[in-house]
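Residue numbers (full-length UniProt numbering), protein chains in the order written: chain B, 1 to 315; chain L, 1 to 270.
Even glycine gets a Cβ: it sits at the ideal position worked out from N, Cα and C.
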């Protein structure tokens, strides 16, 4: 077990180093000088040069890379060119929208996908299965931003149950905040639920065919009991992989949905930063997202070991 | 043929046909503005109505199909063109450092948020169909590399490959002559899936204004333009969305159907 953990940890660190190098290199080749962006067209060459020195842009690339990494290790992500505030503050503030949104969407995803996947697997080959499978195919094909527009049209403009966009902040209480996140969460969750339900169904069907399930049935358990007690636990490995990927996707992938609903989340921050060439924000937020993906993958790997004792022994 | 496969094939062919016909004919000129006819609901003259500039939506959808299909198809080509050789190489050198490097690079690409990077690429190098293709294509490479390696690894343990090795064929020649034909099924199925994902990605990019630029019609941008008029004329937002859903739905059914058809183990026993 300790060797397994250590191996996973080493690959975690290597991935982070490689990812940070790639991000730094990409930002390096991006055309456009932040100093001239910040000062506008009329700025003199001297002011631009002075600002470049002040921002540390005139140092050699390896030096800048190291100071970027060292800064991040201290929790200092640099200063946003456009907002003139620390990137860490910006990110922290945006996470109060993005994290609840991702968690909300993931909860909805699981809430829809588990019953649907279990039902389809239990009624394999019957009408219920065909219906669920057809619906999930449609769900996967749904562009979430279009689905979001339809939701706004029906639930915000026609029936006026939920707000059409914007975010009131958490200061005014939980309820208005949750209401503002409901339509975006549904728009994000439905296509993800379709994917998860399909994965769960095929994982369940795969385990159903195995000998230990037959043994469980032979000792007198009903099909429903074997499915919930034995098959589901074994089917959790692929399901957790997908859930982990979906959480990382929801954190970053809300970029378009946040634009549809004018939500001040991480996605909207990075989208605006890209269009405004606020490269320090882009660089740091992408790094944070990649960090999140790698750490979530790591956590899922550990959870495998917790669920499946065979993995511990093999490693 | 299963009904779902026929449906998928039908929908995919319909989209392809609309795109092909739009090259020579559309009901109206897609760039012709007619303010007097703006936001008209579907009618005999305009089957799917008109948009805020009075352009014919059916014509724009036909021409938009061309953009979607071209972008997604070339992006799949990039993914296959680079990913398949990398996967074959990794499998031929399985367990070696080449394999390790290829697979670690793959994992690395998977760790990046693809949509964010696609937006970064298109925003930095200028929004255009070509940059959208590149942005989508890059993320297809590891997908094909992984599928190719996975399929090829199993083959390398089989006797007929051993026999080819004994006959003196090199790894490259075996990969091309024996491995590749045997994983063609996998690649066709994965290609269909990536193709449909590419159409969704292209729609997303042009929705935020980073795909094909005006006057080239594109489904995603039609939706973006429709967003502010959705209460006045819901049909403007409805039809481009349906076009995306039906095309992607059709391609997914086609991919699933092909997998069942090409994999003998999944074929229902007669």
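Do residue i and residue j have their CB atoms nearer than 8 Å?
i             : j             : result
residue 72/L  : residue 30/L  : no
residue 260/B : residue 120/B : no
residue 139/B : residue 194/B : yes
residue 122/L : residue 216/L : no
residue 42/L  : residue 235/L : yes
residue 248/B : residue 293/B : yes
residue 252/B : residue 185/B : no
residue 200/B : residue 239/B : yes
residue 197/B : residue 136/B : yes
residue 185/L : residue 263/L : yes
residue 100/B : residue 144/B : no
residue 238/L : residue 7/L   : no
residue 75/B  : residue 67/B  : no
residue 277/L : residue 83/L  : The question about residue 277/L has no answer, for chain L in this structure spans 1 to 270.
residue 244/B : residue 297/B : yes
residue 23/B  : residue 279/B : no
residue 111/L : residue 290/B : yes
residue 245/L : residue 189/B : no
residue 179/B : residue 163/B : yes
residue 355/B : residue 9/B   : Lying outside 1 to 315, the shown extent of chain B, residue 355/B is not represented and no answer is given.
residue 76/L  : residue 198/L : yes
residue 37/B  : residue 83/B  : no
When burial is assigned at 16 or more other CB atoms within 10 Å of the CB, is residue i buried or exposed?
i             : result
residue 200/L : buried
residue 158/B : exposed
residue 119/L : buried
residue 14/B  : exposed
residue 219/L : buried
residue 18/L  : buried
residue 17/B  : exposed
residue 255/B : buried
residue 160/L : exposed
residue 25/L  : exposed
residue 280/L : Past the boundaries of the shown model lies residue 280/L; chain L is included only from 1 to 270, so the question cannot be answered.
residue 142/L : buried
residue 113/L : buried
residue 2/B   : exposed
residue 117/B : buried
residue 269/L : With a pLDDT of 48 at residue 269/L, under the threshold of 50, the modelled position of that residue is not reliable, and no figure is offered here.
residue 382/B : With chain B covering 1 to 315 only, the question about residue 382/B has no answer from this structure.
residue 151/B : buried
residue 247/L : buried
residue 13/L  : exposed
residue 226/L : buried
Show which residues of chain L have a CB atom less than 8 Å away from the CB atom of residue i.
i             : result
residue 6/B   : Going along chain L, no residue has its Cβ under 8 Å from residue 6/B, so there is no contact; the nearest lies around 18 Å.
residue 259/B : 208
residue 19/B  : 108, 111 and 112
Applying a beta-carbon distance threshold of less than 7 Å, which residues of chain B neighbour residue i?
i             : result
residue 116/L : 252, 255, 270, 286 and 289
residue 248/L : 141
residue 120/L : 274 and 282
residue 200/L : 143
Could you check how far apart the C-beta atoms of residue i and residue j are, in whole angstroms? I think they sit under 8 Å.
i             : j             : result
residue 249/L : residue 9/L   : At roughly 12 Å, the Cβ-Cβ gap does not stay under 8 Å, so residue 249/L and residue 9/L are not in contact.
residue 109/B : residue 225/B : 26 Å between Cβ atoms; not a contact.
residue 124/L : residue 30/B  : 5 Å
residue 258/L : residue 157/L : Rounded, the Cβ-Cβ distance is 26 Å, inconsistent with contact.
residue 94/B  : residue 269/B : 5 Å
residue 223/L : residue 146/B : 6 Å
residue 20/B  : residue 287/B : 6 Å
residue 94/L  : residue 153/L : 6 Å
List, in order along the chain, the chain L residues whose C-beta lies closer than 9 Å to that of residue i?
i             : result
residue 293/B : 110, 111, 112 and 113
residue 149/B : 223, 226, 227, 230, 237 and 241
residue 15/B  : 104, 107, 108 and 111
Going along chain L in order, which residues have a C-beta closer than 7 Å to the C-beta of residue i?
i             : result
residue 140/B : 252
residue 137/B : 249, 252 and 253
residue 30/B  : 124
Name the chain B residues whose beta carbon is nearer than 8 Å to that of residue i?
i             : result
residue 231/L : 153 and 157
residue 234/L : 153
residue 244/L : 141, 143 and 146
Output, in chain order, the set of chain B residues within a Cβ distance shorter than 9 Å of residue i.
i             : result
residue 203/L : 143, 145 and 146
Below 8 Å, how does it come out for the segment 168-182 of chain L and the segment 78-97 of chain L: are there three or more Cβ pairs, yes or no? yes
Inset, instruction - Pair every Cβ in the segment 197-208 of chain B with every Cβ in the segment 226-237 of chain B, then say whether three or more of these pairs are closer than 8 Å. - result: yes
**Prompt:** Given 8 Å as the limit, is there contact between the segment 32-39 of chain L and the segment 51-63 of chain L, that is, 3 or more CB pairs closer than that?
**Reply:** yes
Practice task
Could you tell me whether the segment 257-271 of chain B touches the segment 161-172 of chain B, using the rule of 3 or more Cβ pairs below 8 Å?
Solution key: yes
Does the contact criterion of 3 or more C-beta pairs under 8 Å hold for the segment 33-45 of chain B versus the segment 126-146 of chain L? no
Decide if the segment 135-154 of chain L is in contact with the segment 50-62 of chain B; the criterion is three or more beta carbon pairs, one per stretch, under 8 Å apart.
no
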